[in-house]
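Here is the structure we will look at, set down as structure tokens.
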Amino acid sequence: MGELLNACRTLRDYAEYTDRVRRYAETMKLENAVERAITECIQEGILADFLKKNRAEAKRMSMFEFNEEKHLRLEKEYSREEGFAAGQREGHRGGFAAGKECINELKQKLLTEGRTDELARTILDPEYQRALMEKYGLLAENV
Numbered sequence: 000m001g002e003l004l005n006a007c008r009t010l011r012d013y014a015e016y017t018d019r020v021r022r023y024a025e026t027m028k029l030e031n032a033v034e035r036a037i038t039e040c041i042q043e044g045i046l047a048d049f050l051k052k053n054r055a056e057a058k059r060m061s062m063f064e065f066n067e068e069k070h071l072r073l074e075k076e077y078s079r080e081e082g083f084a085a086g087q088r089e090g091h092r093g094g095f096a097a098g099k100e101c102i103n104e105l106k107q108k109l110l111t112e113g114r115t116d117e118l119a120r121t122i123l124d125p126e127y128q129r130a131l132m133e134k135y136g137l138l139a140e141n142v
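Here the sequence shown is numbered in numbering that gives the first Met the number 0, starting from 0 and rising by one per residue.
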């Protein structure tokens with residue numbers, strides 16, 4: 000992605016602008032963060048012509064975009080918590096036990112094949128763990 004940003008100044012400038020808004024929004028109200036980012040970017044020649052001509056529209060769009068981003072992040076967090084709670088409830092009915100059994104089978108297969116170096120990766124990388132479980136036909140829905 001770095002090459003793409005370097006090849007296109009407008010894209011690089013936009014990435015700089017949005018990064019500033021995000022950073023400033025961590026310590027101040029979003030409206031103030033957007034205003035500060037716009038002012039600084041104009042002063043430093045980052046999207047300066049565009050921001051000078053379209054300041055009000057850029058501010059409105061940025062606030063909408065970042066509010067939408069925050070909304071989606073909160074929805075994702077809520078859904079994750081809801082899914083975890085459902086998984087906990089399902090665990091009491093055997094779903095958790097079945098999943099744990101599949102993981103134990105995967106560990107046993109890796110040990111049997113002498114692939115002990117991959118055990119840590121299966122713990123740290125859920126996607127890799129899932130890929131191996133699919134490879135060995137060990138997913139809970141397959142068992």
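Cβ atoms here follow ideal geometry from the backbone N, Cα and C, with glycine treated the same way.
Residue i to residue j span [Cα, whole Å]
i: Phe49; j: Tyr127; result: 44 Å
i: Thr17; j: Leu118; result: 39 Å
i: Thr111; j: Leu10; result: 51 Å
i: His91; j: Phe65; result: Any answer about His91 is weak, because its pLDDT of 45 lies below 50 and its placement is not dependable; what the coordinates show is given next. Going by the C-alpha atoms only, they are around 39 Å apart.
i: Phe123; j: Asp12; result: The sequence given here has Leu at residue 123, not Phe. Spanning the two alpha carbons is a distance of roughly 35 Å.
i: Glu133; j: Lys106; result: 14 Å
i: Met62; j: Arg54; result: 12 Å
Rounded distance between the beta-carbons of residue j and residue i, thought under 8 Å
i: Leu137; j: Cys101; result: 4 Å
i: Val33; j: Lys58; result: 5 Å
i: Thr115; j: Leu131; result: About 14 Å; that fails the 8 Å criterion.
Extent of the continuous alpha helix (DSSP H) to which residue i belongs
i: Leu10; result: 8-24
i: Asp116; result: 116-123
i: Lys28; result: Where Lys28 is concerned, there is no enclosing alpha helix (DSSP H), given that its DSSP letter is neither H nor E.
Close beta carbons around residue i, own chain, < 6 Å, minus the five adjacent residues each side
i: Arg19; result: Ala36
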